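Numbers in the working numbering are just positions in the sequence shown, counted from 1, shifted up by 61.
Glycine residues also receive a C-beta, built at the ideal position from the N, C-alpha and C atoms.
Here the structure is a predicted model, which means the values were calculated and not measured.
Here is the structure we will look at.
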Amino acid sequence: MANTTSAKKATRKIARRTAINKSRRTQMRGSVRSVEAAIEKGDRAAAVEAMKQAEPQLMRAAQRNIIHKNNASRKVSRLTAQIAKLAK
62 MANTTSAKKA TRKIARRTAI NKSRRTQMRG SVRSVEAAIE KGDRAAAVEA MKQAEPQLMR
122 AAQRNIIHKN NASRKVSRLT AQIAKLAK
């Protein structure tokens with residue numbers, strides 16, 4: 062348990078930040094799921110539209126240290142490759 066006032070304040074800040082980050086992570090995962098669902102159905106147009114929403118969210122999450130930068134890039138790359146396969 063925090064004893065000093067600065068440690069107590071830090072605990073409050075961490076709790077606020079954690080809540081915000083959880084919300085952003087959930088939103089990001091939802092957008093990725095929508096892309097994956099469109100790919101699963103084989104609907105290229107819907108997948109492209111969903112990807113337009115998902116890519117900025119992934120990169121924003123990486124920028125804010127919610128996920129690692131390379132992790133976000135890898136997800137974008139793999140989803141884009143799967144969408145490209147639908148065109149064939």
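Contact under 8 Å by Cβ, residue 108 with residue 81: no
Where residue 75 falls, given that 16 or more other Cβ within 10 Å makes a residue buried: exposed
Separation of residue 120 from residue 114, as counted between CA atoms: 11 Å
DSSP-derived helix/strand/coil call for residue 91: helix
Heavy atom of the ligand NAP within 7 Å of residue 138 beta-carbon: With respect to small molecules bound, the structure shown includes none, and the ligand NAP cannot be examined in it.
Residue 118 classed as buried or exposed, judged by whether at least 16 other C-beta atoms fall within 10 angstroms: buried
The stretch 98 to 112 in contact with the stretch 126 to 134 per 3-pair CB rule at 8 Å: no
DSSP three-state assignment for residue 106, whether helix, strand or coil: helix
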